[in-house]
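Participant: Encoded as structure tokens, here's the structure I'll be asking about.
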Amino acid sequence: MPEGILCNKTPVDTVEQLQALLADKSGKQYYEEMKLLDVDTPALWATIQKSLKSRLRTWLEICARCGMCADSCFFYLANDRDPTQVPSYKIQSTLGDMVRRKGKVDNAFMHYAMDTAWSRCTCCNRCGMYCPFGIDMGVMFSYLRGLLFSQGFVPWELKIGSGMHRIYRAQMDVTTDDWVETCGWMCEEYEEDWPGLEFPVDKPNADIIYTVNAREVKHYPEDLAEAAILFHLAGENWTVPSEGWEETSLAMFAGDWVGCKKQVESVYAAMERLKPKRMVVTECGHAYRATVIEGPYWAGLKTGQTPVESFHYVEWVAEALRTGKLKIDPAKRIKEPVTYQDSCNYIRNAGLRECAREIMSYIAEDFREMRPCGEHNFCCGGGGGLNGIGRYREQRNVGLKVKRDQILATGAKLVVSPCHNCWDAIRDLEEIYHIGIRWSFLKPLLLKMVIVPEHLRPEE
Amino acid sequence: MFKKILFATSASPVCDNAAKVAFDLELKWDARLIVFHVLGIPTHGFSPFVTDVRTGEREQVDPDYVDWVKEEMRNTYADLLKDTENVTLEAAVGVPHREILRKARDEDVDMIVMGAHTRPEDIGASRFRNVVGSTMQKVAKGARCPVVIISRPCTTCWKLFSNIVVGIDLSKASGAAFLWAARLAREVDANLHIFHAVDLAGTEVGQIKSQEEIEAHIATVRGKIENLYLPQLKGYEKVTVMVREGVPYVEILKQARERQADLIVMAHHTREIDPEQALLGSTVEQVVLRSACPVASVNRLDKTVDTSA
Amino acid sequence: MYEFVTGPLAWIAFSVFFFGLIWRFVWYIRGLNWQLDRVSYGHHTGYGVKGAARSIVSWLIPYGTHSWRFYSGFTLLVFVFHIGIIITPIFLLGHNLLLEERWGFRLPALPDPVADTLTVAMMIAALFIMLRRIALPEVRILTTFYDIALLLIVVTPFFTGFLAYHQIGDYSFWLIAHILSGEIMLIAVPLTKLSHALLFFLSRAQIGMDYGIKRGGMKSQGLPW
Ligand code: SF4
Ligand code: SF4
Ligand code: SF4
Chain R
1 MPEGILCNKT
11 PVDTVEQLQA
21 LLADKSGKQY
31 YEEMKLLDVD
41 TPALWATIQK
51 SLKSRLRTWL
61 EICARCGMCA
71 DSCFFYLAND
81 RDPTQVPSYK
91 IQSTLGDMVR
101 RKGKVDNAFM
111 HYAMDTAWSR
121 CTCCNRCGMY
131 CPFGIDMGVM
141 FSYLRGLLFS
151 QGFVPWELKI
161 GSGMHRIYRA
171 QMDVTTDDWV
181 ETCGWMCEEY
191 EEDWPGLEFP
201 VDKPNADIIY
211 TVNAREVKHY
221 PEDLAEAAIL
231 FHLAGENWTV
241 PSEGWEETSL
251 AMFAGDWVGC
261 KKQVESVYAA
271 MERLKPKRMV
281 VTECGHAYRA
291 TVIEGPYWAG
301 LKTGQTPVES
311 FHYVEWVAEA
321 LRTGKLKIDP
331 AKRIKEPVTY
341 QDSCNYIRNA
351 GLRECAREIM
361 SYIAEDFREM
371 RPCGEHNFCC
381 GGGGGLNGIG
391 RYREQRNVGL
401 KVKRDQILAT
411 GAKLVVSPCH
421 NCWDAIRDLE
431 EIYHIGIRWS
441 FLKPLLLKMV
451 IVPEHLRPEE
Chain B
461 MFKKILFATS
471 ASPVCDNAAK
481 VAFDLELKWD
491 ARLIVFHVLG
501 IPTHGFSPFV
511 TDVRTGEREQ
521 VDPDYVDWVK
531 EEMRNTYADL
541 LKDTENVTLE
551 AAVGVPHREI
561 LRKARDEDVD
571 MIVMGAHTRP
581 EDIGASRFRN
591 VVGSTMQKVA
601 KGARCPVVII
611 SRPCTTCWKL
621 FSNIVVGIDL
631 SKASGAAFLW
641 AARLAREVDA
651 NLHIFHAVDL
661 AGTEVGQIKS
671 QEEIEAHIAT
681 VRGKIENLYL
691 PQLKGYEKVT
701 VMVREGVPYV
711 EILKQARERQ
721 ADLIVMAHHT
731 REIDPEQALL
741 GSTVEQVVLR
751 SACPVASVNR
761 LDKTVDTSA
Chain E
770 MYEFVTGPLA
780 WIAFSVFFFG
790 LIWRFVWYIR
800 GLNWQLDRVS
810 YGHHTGYGVK
820 GAARSIVSWL
830 IPYGTHSWRF
840 YSGFTLLVFV
850 FHIGIIITPI
860 FLLGHNLLLE
870 ERWGFRLPAL
880 PDPVADTLTV
890 AMMIAALFIM
900 LRRIALPEVR
910 ILTTFYDIAL
920 LLIVVTPFFT
930 GFLAYHQIGD
940 YSFWLIAHIL
950 SGEIMLIAVP
960 LTKLSHALLF
970 FLSRAQIGMD
980 YGIKRGGMKS
990 QGLPW
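Right, here's the structure in full:
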């Protein structure tokens with residue numbers, strides 16, 4: 001059978017396809033069909049020839065096979081230094097072989113490549129910092145994911161995820177109505193506590209356009225309310241777009257570049273439409289990576305910049321604290337030892353290390369760095385979509401060990417984690433390894449310690 | 461008064477007592493009852509897994525799973541469902557308090573009934589305190605309609621209530637609690653006991669007040685109640701007013717005992733205690749944990765006055 | 770034989786070496802694609818140049834990066850090996866005399882003992898690099914025959930040159946072997962992954978620009994390599 005009903009080379013573009021996939025519990029039938037899925041080798045080779053340019057070819061070719069990338073990969077460390085987890089080995093045995101064989105690979109090879117690309121690499125890009133040639137396996141695995149996606153070899157959850165973006169321009173089935181309605185709801189629920197609280201939708205020319213992660217809308221709208229309250233306290237002139245509010249991109253995890261483009265274009269269109277001064281995105285790492293760092297390239301913006309200047313939430317918080325828009329009550333600062341999870345996506349790959357440090361200096365009295373930290377921090381263990389793939393649960397859980405040990409070594413019981421994915425991974429690691437830690441986004445912490453200006457307090 | 465009721469259940473024995481009341485209300489008040497169960501707590505980041513609220517296990521949700529949970533609910537409440545006609549069973553995935561609030565809002569219900577979901581039994585609370593805190597507390601805080609929490613078997617049918625204690629603290633929210641209690645009292649012809657506790661711990665911290673001061677304070681409060689609240693009763697006679705000093709939750713429980721209360725009504729104070737940090741929880745939670753009768757939490761004016769008339 | 774290896778073959782070897790590298794250079798630059806690589810090379814040039822320079826310089830300095838410091842022993846081997854390979858042949862007295870004789874110019878020459886030390890150190894480093902390849906499982910799994918062959922191709926000219934210069938064994942045999950293996954090495958540079966002699970700089974510049982322009986260079990002091 002060349003193409004399955006569920007597992008095939010066609011991306012999900014209709015609600016019917018999406019429903020059919022969703023109805024297949026844990027992707028059982030999907031993965032069965034995948035075992036029979038044919039590889040379209042001429043197409044694969046044609047794609048490789050078109051898109052594999054000198055940078056990646058050079059990386060594949062000149063790799064000195066020196067193994068200096070080995071210890072940089074948390075998977076290698078977490079798996080007791082298993083040599084097959086050496087980044088160079090992982091990429092050479094997949095993408096490397098695929099190129100050497102001129103795309104003439106079979107179904108078993110594609111399975112191996114898929115399992116490697118999604119369960120043995122989170123695209124955290126740490127290895128690239130440790131290779132003398134700057135060979136970045138994260139970048140290459142991301143490229144490989146694109147090839148695999150085009151051939152239909154993609155984990156079930158990510159096929160669905162990318163379909164969601166294609167259909168709803170969001171990672172979940174949240175419609176424009178749902179979203180606008182949720183904004184109103186949150187405003188209603190919190191306005192008594194915060195007089196004058198607003199949730200402006202589609203206000204033109206605001207200073208800030210705020211964009212979010214669909215999971216906040218669907219399951220955790222408090223997060224939206226908290227953001228609104230903090231903007232309100234800081235006296236910001238802000239808004240959210242009714243369309244183009246979703247910043248995340250499961251399509252990026254899936255390697256669905258067409259889906260990626262569609263997704264970010266919806267956000268950029270909102271920027272063009274509402275003409276805000278700048279954009280702020282919620283506490284999500286890959287969302288920022290997708291829409292701000294990589295997005296302009298998918299959308300074909302030659303300068304590599306988003307239409308308006310874009311900021312991660314930690315940048316906004318650091319600025320608000322620095323300029324005194326938000327003031328912290330010194331008595332309420334975090335007294336206990338606390339550490340910070342540096343997300344690969346906005347720290348290593350977007351240079352925001354200092355923002356995080358600055359924030360911690362305002363809110364914590366006993367801030368403890370993980371070792372290593374900043375740009376050199378290890379991935380939480382759940383990046384690149386891995387958190388959400390049932391097929392690779394085991395591999396993910398093993399990978400969490402590195403972060404567990406890093407956190408334990410700090411002695412801190414509280415982990416600040418302004419990234420949805422890292423947050424989940426840390427929650428899961430507590431669930432699995434029971435090390436007695438708590439973890440939090442920034443917003444709830446800030447809300448507890450910020451000084452509410454006299455005129456914004458509710459009258460009793 | 462109750463046309464549409466949302467019974468939020470964890471579909472476990474904790475909610476059995478609440479179930480009886482909810483189904484009873486459906487019967488006696490001719491209300492529409494929505495039995496609603498939130499079956500899984502999702503993750504923050506991308507993941508299809510949810511944590512099953514009852515077992516704490518990881519599950520992947522699909523339509524079959526939801527159907528299966530509904531079937532379970534049908535079995536659980538088979539007895540109660542027997543002689544009902546206006547009941548729907550529904551299940552959803554999400555964070556329990558959030559989905560309950562969403563449902564209540566979508567359906568514009570007149571009242572939410574739920575079990576105590578006390579911390580030890582509430583998997584959501586103990587396993588994921590960072591995520592949910594206490595479901596009940598959050599529902600009580602966020603709901604626009606009254607929330608009735610039932611932790612012990614309720615012996616009296618609502619129609620036969622004869623004593624309702626309403627705890628007030630002169631805030632806007634407790635004004636709403638008062639109005640709702642008054643409406644209910646009038647409807648079932650019960651005694652309304654207005655009660656206020658002067659919180660010694662909560663007022664000026666560290667200052668020990670003299671007995672005279674306390675008494676003077678009590679007198680002022682009493683005066684306020686008489687001026688502000690009693691006129692709103694528009695002549696309803698079966699009312700008492702009582703002001704005492706002490707820890708609010710202890711005093712209100714004592715009062716409920718003395719009056720053989722069938723229902724305690726109070727406002728859930730949003731800024732009272734930070735729900736994440738308070739180990740003992742808010743006054744409402746304290747009262748719920750210990751009260752022999754149902755406790756209604758009312759914070760907002762919605763649903764407190766009869767709009768149908 | 771001597772005539773041949775120092776005449777036509779030398780011409781061929783040097784031509785392949787230089788033109789090969791020029792071709793590599795052109796091929797690499799032309800293959801850069803702002804959209805596929807997702808780096809806007811043509812914009813924010815200041816950040817790009819800064820990023821590229823930091824990326825190259827940090828890695829050229831022994832122990833200049835986290836990685837070099839992490840693998841401190843191997844780093845020593847790498848630098849000794851590469852310094853030996855580059856410095857010795859260029860500044861060797863014998864080579865410069867030849868240069869003067871043929872082309873009429875010469876570079877400053879290394880004193881013999883220094884050249885000898887560099888050569889020996891380089892060969893010892895090569896030996897340990899080879900042993901490391903076999904000993905460490907994480908490197909063994911990466912190693913192919915190709916890697917070992919390249920190491921031999923690089924070490925042979927030094928080994929033969931050393932023997933010839935110190936007149937150990939048959940001088941003229943070792944001399945010809947030396948010249949021949951040197952030429953093989955020159956030819957191999959552009960044709961094999963020894964091309965990293967050039968591509969190291971290009972690849973480092975590229976990732977430096979990547980970080981400098983796109984991945985945070987505009988919002989931080991630059992990536993601490
Ligand atoms: S560090 Fe770089 S050159 Fe060395 S094996 Fe890893 S990828 Fe290859
Ligand atoms: S990108 Fe990260 S996870 Fe992937 S191979 Fe490199 S270090 Fe390992
Ligand atoms: S989940 Fe967090 S730590 Fe992991 S790759 Fe993503 S940003 Fe990095």
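Chains as they are written, first to last, in this note's numbering: chain R, 1 to 460; chain B, 461 to 769; chain E, 770 to 994. We put the CB at the ideal spot given by N, CA and C, even for glycine. None of these values were measured; they are calculated from a predicted model.
Could you tell me if the beta carbon of Ser88/R falls within a distance shorter than 7 Å of some heavy atom in ligand 1?
Facilitator: At least one heavy atom of ligand 1 is nearer than 7 Å to the Cβ of Ser88/R, so yes.
Participant: Please identify, using Cβ separations under 9 Å, the residues of the segment 258–278 of chain R that lie next to chain E, in order along the chain.
Facilitator: From the segment 258–278 of chain R, no residue has a Cβ closer than 9 Å to chain E.
Participant: Please look up how many angstroms separate the CB atoms of Asp568/B and Lys464/B, rounded, as I've assumed it's under 8 Å.
Facilitator: Their Cβ separation, rounded to whole angstroms, is 7 Å, which keeps Asp568/B and Lys464/B in contact under 8 Å.
Participant: Is any heavy atom of ligand 2 found at a distance shorter than 7 Å from the C-beta of Arg396/R?
Facilitator: No - ligand 2 has no heavy atom lying nearer than 7 Å to the Cβ of Arg396/R.
Participant: Is there at least one non-hydrogen atom of ligand 1 closer than 7 Å to the beta-carbon of Ile426/R?
Facilitator: No, ligand 1 has no heavy atom inside 7 Å of this Cβ.
Participant: Consider the C-beta atom of Gly67/R and the heavy atoms of ligand 1; say whether any pair is separated by less than 7 Å.
Facilitator: For ligand 1, at least one heavy atom lies less than 7 Å from the Cβ of Gly67/R.
Participant: In chain order, what residues of the segment 553–576 of chain B put their CB closer than 9 Å to some CB of chain R?
Facilitator: So the list reads Val553, Gly554, Val555, Arg558, Glu559, Leu561, Arg562 and Arg565, given in the order they occur along the chain.
Participant: Within a Cβ cutoff of 6 Å, which residues of the same chain sit near Arg589/B, ignoring the five residues on either side of it in sequence?
Facilitator: Note on Arg589/B: pLDDT 37, under 50, position unreliable in the model; the coordinate value appears next. Closer than 6 Å at the Cβ level, and outside the excluded window around Arg589/B, lies no residue.
Participant: Using only alpha-carbon positions, find the residue among Ala468/B, Ala637/B and Trp489/B that is nearest to Phe462/B.
Facilitator: Among Ala468/B, Ala637/B and Trp489/B, the Cα nearest to that of Phe462/B belongs to Trp489/B.
Participant: Would you kindly report the start and end of the unbroken beta strand (DSSP E) that includes Tyr340/R?
Facilitator: Taken as a continuous stretch (DSSP letters only), the beta strand (DSSP E) holding Tyr340/R covers Ile334 to Tyr340.
Participant: In chain order, what residues of the same chain have a beta carbon less than 6 Å from the beta carbon of Met145/R, not counting five sequence neighbours either side?
Facilitator: The question names Met, yet the displayed sequence has Arg at residue 145/R. These residues qualify, in order along the chain: Ala117 and Gly255.
Participant: Is the Cβ-Cβ distance between Met891/E and Phe843/E less than 8 Å?
Facilitator: Result no, Cβ atoms of Met891/E and Phe843/E do not sit closer than 8 Å.
Participant: Closest by CA to Lys28/R, which one among Leu442/R, Asp405/R, Met449/R and Ile389/R?
Facilitator: When only C-alpha atoms are compared, the closest one is Ile389/R.
Participant: May I ask you to check if the CB of Ala966/E is nearer than 7 Å to at least one heavy atom of ligand 1?
Facilitator: The answer is no for Ala966/E.
Participant: Identify whether Tyr210/R lies in helix, strand or coil by the three-state DSSP scheme.
Facilitator: Reduced to three states, the DSSP call for Tyr210/R is strand.
Participant: Can you list, in chain order, the residues of its chain whose CB lies under 7 Å from that of Cys284/R, leaving out five sequence neighbours each side?
Facilitator: Same-chain partners within the cutoff: Asn213, Glu247, Thr248, Cys419 and His420.
Participant: One question on the structure: do Ser266/R and Arg169/R come within less than 8 Å of each other, judged by their Cβ atoms?
Facilitator: Against a cut-off of 8 Å, the Cβ pair of Arg169/R and Ser266/R comes out as a contact.
Participant: Could you run through the segment 183–216 of chain R and flag, in chain order, every residue whose CB is less than 7 Å away from some CB of chain B?
Facilitator: The segment 183–216 of chain R vs chain B, Cβ under 7 Å: Trp185, Glu189, Asp193 and Arg215.
Participant: Could you spell out the range, first to last residue, of the beta strand (DSSP E) harbouring Gly500/B?
Facilitator: From DSSP, the beta strand (DSSP E) with Gly500/B extends over Arg492 to Pro502.
Participant: Looking at the C-beta of Gly635/B, does it have a partner C-beta in chain R at a distance below 8 Å?
Facilitator: Closer than 8 Å: no.
Participant: Could you tell me the distance, in whole angstroms, from the CA atom of Lys988/E to the CA atom of Gly776/E?
Facilitator: Cα to Cα, the separation comes out at about 56 Å.
Participant: List the residues that DSSP assigns as beta-bridge partners of His653/B.
Facilitator: Paired residue(s): Val625/B and Thr700/B.
Participant: Mind checking if Asp527/B is an interface residue toward chain R, Cβ cutoff 8 Å exclusive?
Facilitator: Closer than 8 Å: no.
Participant: Is the beta carbon of Asn377/R within less than 7 Å of some heavy atom of ligand 2?
Facilitator: No, the beta carbon of Asn377/R sits no closer than 7 Å to any heavy atom of ligand 2.
Participant: Check this for me: beta carbons of Tyr130/R and Ser836/E, under 8 Å apart or not?
Facilitator: Yes, Cβ-Cβ distance for Tyr130/R and Ser836/E is below 8 Å.
Participant: Please state the DSSP three-state secondary structure of Val481/B.
Facilitator: Looking at Val481/B - three-state DSSP - the assignment turns out to be helix.
Participant: Note down the Cα distance separating Arg326/R from Ser361/R, rounded to an integer number of angstroms.
Facilitator: Reading off the sequence shown, one finds Leu at residue 326/R, where the question assumed Arg. Approximately 14 Å between the Cα atoms of the pair.
Participant: Along chain E, in chain order, which residues have C-beta atoms closer than 8 Å to that of Asn397/R?
Facilitator: Neighbours of Asn397/R on chain E: none; closest Cβ ~23 Å, over 8 Å.
Participant: Since Thr511/B and Val495/B should fall inside the 8 Å C-beta cutoff, what is the C-beta to C-beta distance between them, to a whole number of angstroms?
Facilitator: Going by Cβ atoms, the distance from Thr511/B to Val495/B rounds to 21 Å, so no, they are not a contact pair.
Participant: For Lys714/B, report the span of its alpha helix (DSSP H) as first-last.
Facilitator: First-last of the alpha helix (DSSP H) with Lys714/B: Pro708 to Glu718.
Participant: Taking one C-beta from the segment 396–408 of chain R and one from the segment 258–273 of chain R each time, how about it: are there three or more such pairs within less than 8 Å?
Facilitator: No, the segment 396–408 of chain R does not touch the segment 258–273 of chain R.
Participant: Any beta carbon from chain R within less than 8 Å of Ile976/E's own beta carbon?
Facilitator: Answer yes: the Cβ-Cβ gap between Ile976/E and chain R drops below 8 Å somewhere.
Participant: So what does DSSP say about Thr47/R, is it helix, strand or coil?
Facilitator: Here Thr47/R sits in helix by DSSP.
Participant: Once DSSP output is grouped into helix, strand and coil, what is the label at Met987/E?
Facilitator: Coil, per DSSP.
Participant: For the segment 282–306 of chain R, list every residue whose C-beta sits within 7 Å of some C-beta in chain E, in sequence order.
Facilitator: Those residues of the segment 282–306 of chain R that come within reach of chain E (Cβ to Cβ, closer than 7 Å) are Ile293, Glu294, Tyr297, Gly300, Lys302, Thr303 and Gly304.
Participant: Taking 8 Å as the threshold (C-beta atoms), are Leu876/E and Ile859/E in contact?
Facilitator: Yes, Cβ-Cβ distance for Ile859/E and Leu876/E is below 8 Å.
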